[in-house]
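For the protein sequence lines, the chains are A and B, in the order given. For the first sequence, the numbering used here gives the first residue as 269, with consecutive numbering after it. For the second sequence, the numbering used here gives the first residue as 2, with consecutive numbering after it. Beta carbons: idealized from backbone N, C-alpha and C, even for Gly.
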Amino acid sequence: MEPVARPVVHLVDVVAVLGGFPALAGASLTVERGEIVLLRGPNGAGKTSLLRLCAGLLAVERGEATVLGCDLAVDRAAVRRRVGLLGHANGLYADLTVGDNVRFWGATVGATEGEIAASMERMGLANRLMDVPVGRLSAGQRRRTALACLVARRAELWLLDEPHAGLDAAGRDELDHTLRAAAAAGATVMVASHELERAGALATRVVEVVGGQVRGAA
Amino acid sequence: MNAWGIARLVAAKDLRVEWRSRILINQVLPFATLVRVMFAFALDNDQTLTRVAPGLVWLATMFSLLVVVQRSFAVETADGALDALQVAGVRATGIFLGKSLALLAQLAVLELVLMGAAVVLYRTEVHAGGVVLLVTTYAAATTGLAFVGTLYGGLAAGAKGRETLLPLLMLPVVAPVLIGATRATEAALGTEGATPSDGWPWIGLLILFAALFGVGGTMAFGSLIDE
């Protein structure tokens with residue numbers, strides 16, 4: 269992992285537009301390395317847009333936005349290679365097995381077989397589910413597979429949109445354990461969630477997103 | 002990972018998806034064969050069939066291409082994988098080349114079966130002198146079709162009504178391939194007294210088409226699939 273001297277995320281009065289409508293309207297937020305930040309707020313407040321902006325998927329219209337030391341207005345591609353976004357979709361191939369999917373995503377960053385096996389082990393997928401096609405999995409198992417892909421990709425900044433959705437109790441515990449371990453190892457995590465009790469207990473800081481702006485941000 | 006590494010990875014993944022799902026074998030090949038049989042029923046004349054066989058082979062290939070391209074991008078968009086590839090910073094050039102390679106391999110299998118069916122159904126004869134021209138025609142035309150299919154598949158992937166949009170966008174564009182490949186195949190098969198030397202000028206058109214869309218697709222694919 270490359271050393272990050274500056275804040276992992278540094279947004280100042282950022283404005284972003286999605287489909288002709290303002291998705292972010294002057295959002296400011298600073299996130300330091302190793303933090304687990306919970307974004308909470310009502311539907312349509314801009315939580316997902318904020319995550320997509322940090323992932324380099326949404327263009328900055330106005331303001332200053334730096335992620336992992338890269339200016340989003342200049343080089344979004346550099347940011348994309350170093351972040352992992354898990355949104356409402358899982359980004360999996362239904363006809364491929366769990367092992368095939370994790371191997372594919374790990375291979376995009378040159379992960380070794382050992383790293384790929386470890387990421388499946390960590391998410392409880394190593395044995396009984398490894399050779400099962402993703403199309404036959406439950407929603408929770410698919411989510412767990414998607415998280416294993418994220419682990420295999422060695423992302424420095426994890427951007428998770430409702431990560432607990434569809435997971436059973438064991439899967440939720442595994443996810444929380446994985447996120448804490450990732451943060452302890454130097455990764456930074458931003459979670460958008462409506463499950464305030466669980467996600468709040470996991471987070472090291474909670475910020476509120478309302479009307480495309482961030483409140484309670486340090 | 003560089004663009005060629007990504008291309009190999011994406012191509013292997015796409016072929017593995019096909020191998021696991023068997024869509025080409027169980028659905029596309031029967032569809033293409035059915036199209037051929039329907040042509041035979043509609044024309045119902047051996048002489049006419051023999052004369053138009055090269056055109057029918059390529060028409061059936063074009064229709065099947067649409068199905069294969071739709072499928073190739075449906076697996077990418079069904080669970081947001083194309084979006085995830087972008088987030089992962091996977092080079093768009095690699096995705097384009099990889100998906101083109103996988104499409105090329107699937108079309109090659111399809112065309113081999115279609116040509117075999119033409120020999121049986123339409124009593125087409127392949128002369129030794131035309132074999133080199135025939136192989137070159139298939140290589141050049143299939144490469145061009147794979148590039149166009151991937152480019153327009155990517156363009157339509159995020160659009161509403163993509164199932165109907167893709168044929169509207171793609172069929173006019175592949176018309177030069179249909180014409181060039183049909184004429185070159187006629188020359189290779191000696192249809193209506195044509196000789197292999199009549200077919201080589203059409204190869205130039207097919208290679209130009211493939212080069213144009215190969216370069217264009219490599220440069221434009223990232224912007225097409227980007228938000």
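Whole-angstrom distance between residue j and residue i, CA atom to CA atom
{"i": "B:A195", "j": "B:D47", "result": "19 Å"}
{"i": "B:G95", "j": "B:P55", "result": "34 Å"}
{"i": "B:V121", "j": "A:G378", "result": "48 Å"}
{"i": "A:A416", "j": "B:A8", "result": "23 Å"}
{"i": "B:A129", "j": "B:G191", "result": "11 Å"}
{"i": "A:A471", "j": "A:V305", "result": "5 Å"}
{"i": "B:A141", "j": "B:I208", "result": "6 Å"}
{"i": "A:G439", "j": "A:G309", "result": "24 Å"}
{"i": "B:R52", "j": "B:W5", "result": "42 Å"}
{"i": "B:F32", "j": "B:V91", "result": "34 Å"}
{"i": "B:A12", "j": "B:G117", "result": "26 Å"}
{"i": "B:L156", "j": "B:F222", "result": "8 Å"}
{"i": "B:L30", "j": "B:G150", "result": "18 Å"}
{"i": "A:R404", "j": "A:L397", "result": "10 Å"}
{"i": "B:W20", "j": "A:R410", "result": "21 Å"}
{"i": "B:T186", "j": "A:L326", "result": "48 Å"}
{"i": "B:M220", "j": "B:L152", "result": "10 Å"}
{"i": "A:E476", "j": "A:S296", "result": "11 Å"}
{"i": "A:D343", "j": "A:H278", "result": "15 Å"}
Whether residue i touches residue j by CB criterion (8 Å)
{"i": "A:T336", "j": "A:V347", "result": "The displayed chain sequence assigns Leu, not Thr, to residue 336 of chain A. Yes, the Cβ-Cβ distance between A:L336 and A:V347 is below 8 Å."}
{"i": "A:R421", "j": "A:G392", "result": "no"}
{"i": "A:V285", "j": "A:C322", "result": "no"}
{"i": "A:V299", "j": "A:M458", "result": "yes"}
{"i": "B:I180", "j": "B:T138", "result": "no"}
{"i": "A:L427", "j": "A:L353", "result": "yes"}
{"i": "B:L134", "j": "B:G217", "result": "no"}
{"i": "B:A89", "j": "A:T316", "result": "no"}
{"i": "B:I226", "j": "B:L83", "result": "yes"}
{"i": "A:V402", "j": "A:G331", "result": "no"}
{"i": "A:D399", "j": "A:G367", "result": "yes"}
{"i": "A:G355", "j": "B:G81", "result": "yes"}
{"i": "A:A469", "j": "A:S461", "result": "no"}
{"i": "A:A517", "j": "A:V474", "result": "A query on residue 517 of chain A cannot be resolved here, the shown segment of chain A reaching from 269 to 486 and no further."}
Closer than 8 Å to chain B by CB, residue i
{"i": "A:T456", "result": "no"}
{"i": "A:A349", "result": "Residue identity differs from the one stated: residue 349 of chain A is Arg in this sequence, not Ala. For A:R349, the answer is yes, since a Cβ of chain B falls inside 8 Å of its Cβ."}
{"i": "A:V277", "result": "no"}
{"i": "A:V272", "result": "At A:V272 the pLDDT is 46, less than 50, meaning the model places this residue with poor confidence; the figure from the coordinates comes in the next sentence. So, not an interface residue."}
{"i": "A:D441", "result": "no"}
{"i": "A:G288", "result": "no"}
{"i": "A:P431", "result": "no"}
{"i": "A:R321", "result": "Strictly speaking, residue 321 of chain A in this sequence is Leu, with Arg absent from that position. No, A:L321 lies away from the interface with chain B (no Cβ there is under 8 Å from its Cβ)."}
{"i": "A:V282", "result": "no"}
{"i": "A:D368", "result": "yes"}
{"i": "A:P498", "result": "There is simply no residue 498 of chain A to check, as chain A begins at 269 and stops at 486 in what is shown."}
CB contact below 8 Å: residue i versus chain A
{"i": "B:M220", "result": "no"}
{"i": "B:G90", "result": "yes"}
{"i": "B:L105", "result": "no"}
{"i": "B:V307", "result": "Past the boundaries of the shown model lies residue 307 of chain B; chain B is included only from 2 to 228, so the question cannot be answered."}
{"i": "B:M2", "result": "yes"}
{"i": "B:L10", "result": "yes"}
{"i": "B:Q1", "result": "For residue 1 of chain B there is no data in the structure shown, the boundaries of chain B being 2 and 228."}
{"i": "B:G81", "result": "yes"}
{"i": "B:V29", "result": "no"}
{"i": "B:D84", "result": "yes"}
{"i": "B:K161", "result": "no"}
{"i": "B:K100", "result": "no"}
{"i": "B:R124", "result": "no"}
{"i": "B:V133", "result": "no"}
{"i": "B:S224", "result": "no"}
{"i": "B:L209", "result": "no"}
{"i": "B:S73", "result": "no"}
{"i": "B:R184", "result": "no"}
{"i": "B:V18", "result": "yes"}
Enclosing alpha helix (DSSP H) for residue i [first to last residue]
{"i": "B:Q87", "result": "A82 to V88"}
{"i": "B:M39", "result": "L30 to L44"}
{"i": "B:R21", "result": "A4 to S22"}
{"i": "A:S387", "result": "E381 to R390"}
{"i": "A:G294", "result": "Careful: A:G294 lies outside any alpha helix (DSSP H), inside the beta strand (DSSP E) at F289 to V299."}
{"i": "A:E476", "result": "First-last for A:E476: R473 to V478, but that is the beta strand (DSSP E), not the alpha helix (DSSP H)."}
{"i": "B:V121", "result": "A93 to L122"}
{"i": "A:R411", "result": "A407 to A420"}
{"i": "A:R308", "result": "First-last for A:R308: I304 to R308, but that is the beta strand (DSSP E), not the alpha helix (DSSP H)."}
{"i": "A:V366", "result": "V366 to A375"}
The ligand FAD heavy atom lying under 7 Å from the CB of residue i
{"i": "B:F210", "result": "Of ligands this structure carries none, so the ligand FAD is not represented either."}
Opening and closing residue of the beta strand (DSSP E) in which residue i lies
{"i": "A:D246", "result": "This structure gives no information on residue 246 of chain A, because the portion of chain A shown stretches from 269 to 486."}
{"i": "A:V482", "result": "Q481 to R483"}
> Which full runs of the alpha helix (DSSP H) of 4+ residues lie inside the region 320–353 of chain A, going along the chain?
Replying inline: 344–348
> What are the uninterrupted segments assigned as alpha helix (DSSP H) that are 4 or more residues long and contained completely in the region 148–214 of chain B, given in chain order?
Replying inline: 163–174 and 176–190
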